[in-house]
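So the sequence shown is numbered by our numbering: it starts at 9 and just counts up by one. For glycine and all other residues, C-beta sits at the position ideal for the given N, C-alpha and C. For reference, the structure is listed below as structure tokens.
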Amino acid sequence: MNLFWFCNDCSNNAIQNLKISRRLDSIEQKTNDVLEQTKECFGVVKTLYDRAPNVSVQKWSDVVKAKRPPLIIKPKNSSQNSVKTKLDVTNKVDPPQINIAGVRNTANGGIQIECENDESMQKLHEAARNEIQIPEFKKPTIVIVGVYDKYLREIDIFINKLKGMCGTSEITFVRKYKPRRKEHFNVLLEV
9 MNLFWFCNDC
19 SNNAIQNLKI
29 SRRLDSIEQK
39 TNDVLEQTKE
49 CFGVVKTLYD
59 RAPNVSVQKW
69 SDVVKAKRPP
79 LIIKPKNSSQ
89 NSVKTKLDVT
99 NKVDPPQINI
109 AGVRNTANGG
119 IQIECENDES
129 MQKLHEAARN
139 EIQIPEFKKP
149 TIVIVGVYDK
159 YLREIDIFIN
169 KLKGMCGTSE
179 ITFVRKYKPR
189 RKEHFNVLLE
199 V
């Protein structure tokens with residue numbers, strides 16, 4: 009562009025317009041380059057994703073639900089400590105063959121043993137000759153404080169409303185009790 013024929017103001021405006029258009033062209037070129045690189049990266053990620061085996065990610069709730077109840081072994085002699093109980097169990101059972109996942113000490117010389125699968129738990133259960141208790145997982149309980157008597161008369165409707173609010177159908181009424189020096193009741197529910 010020949011700027012010789014323009015006046016000073018017009019030539020300055022033309023120069024500014026040229027600079028802006030060159031910057032825009034440069035930005036557009038860089039944007040296109042980045043877009044092409046992004047498309048290439050997406051292509052590489054897609055091929056890697058397609059090649060990878062489908063492995064589902066475990067959620068924490070799935071891990072907790074899949075947990076098996078531990079086996080609690082208590083000695084017949086309550087004065088015996090848990091180290092002696094562990095030695096007795098390891099003498100009767102070979103721990104690597106049973107796939108023991110964890111051992112914890114409990115009260116009165118007992119031990120709590122967690123196995124990796126049910127077969128190992130059955131082998132351990134058969135091999136141990138001490139008193140054996142298999143605990144059950146307790147359901148969580150909820151205490152609702154300050155429920156007045158007029159609402160307790162319609163406890164079934166109250167529980168159905170709670171089931172709808174919580175999105176679960178496993179809420180059961182356990183009991184109601186009146187705290188000291190209060191005119192309302194507390195309700196104990198099991199989920």
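Contact check, residue i vs residue j, beta carbons under 8 Å
i: threonine 93; j: glycine 117; result: yes
i: glutamine 120; j: isoleucine 167; result: no
i: lysine 193; j: aspartate 157; result: Per the sequence shown, residue 193 should be read as phenylalanine rather than lysine. Yes, the Cβ-Cβ distance between phenylalanine 193 and aspartate 157 is below 8 Å.
i: leucine 196; j: arginine 188; result: no
i: aspartate 126; j: arginine 76; result: yes
i: serine 90; j: asparagine 62; result: no
Residue span of the beta strand (DSSP E) that contains residue i, given as start and end
i: lysine 184; result: 180-185
i: threonine 149; result: 149-155
Residue i in three-state terms, based on DSSP
i: alanine 115; result: helix
i: valine 199; result: coil
i: lysine 82; result: strand
i: aspartate 102; result: coil
i: threonine 93; result: helix
i: glutamine 130; result: helix
i: glycine 172; result: helix
i: arginine 188; result: coil
Sequence-distant residues of the same chain with beta carbon closer than 6 Å to residue i, five excluded per side
i: glutamate 122; result: Pro78, Ala109 and Gly110
i: glutamate 124; result: Asn107 and Ala109
i: serine 128; result: Ile106 and Asn107
i: lysine 171; result: Ser177 and Ile179
Identity of the residues DSSP links to residue i by a beta bridge
i: phenylalanine 193; result: Val155
i: glutamate 122; result: Gly110
Close Cβ partners of residue i (< 7 Å) along its chain, the five nearest in sequence each way excluded
i: glutamate 178; result: Val199
i: valine 153; result: Asn194
i: tyrosine 159; result: Phe166
i: lysine 147; result: Glu198 and Val199
Continuous alpha helix (DSSP H) stretch holding residue i: start and end
i: cysteine 18; result: 16-59
Sequence-distant residues of its chain with Cβ nearer than 8 Å to residue i (five each side left out)
i: asparagine 85; result: Gly117
i: valine 101; result: Lys131, Leu132, Ala135 and Ala136
i: serine 87; result: Gly117
Cβ of residue i within 8 Å of any chain D Cβ
i: arginine 183; result: Of the protein chains in this structure there is only one, and it is not chain D.
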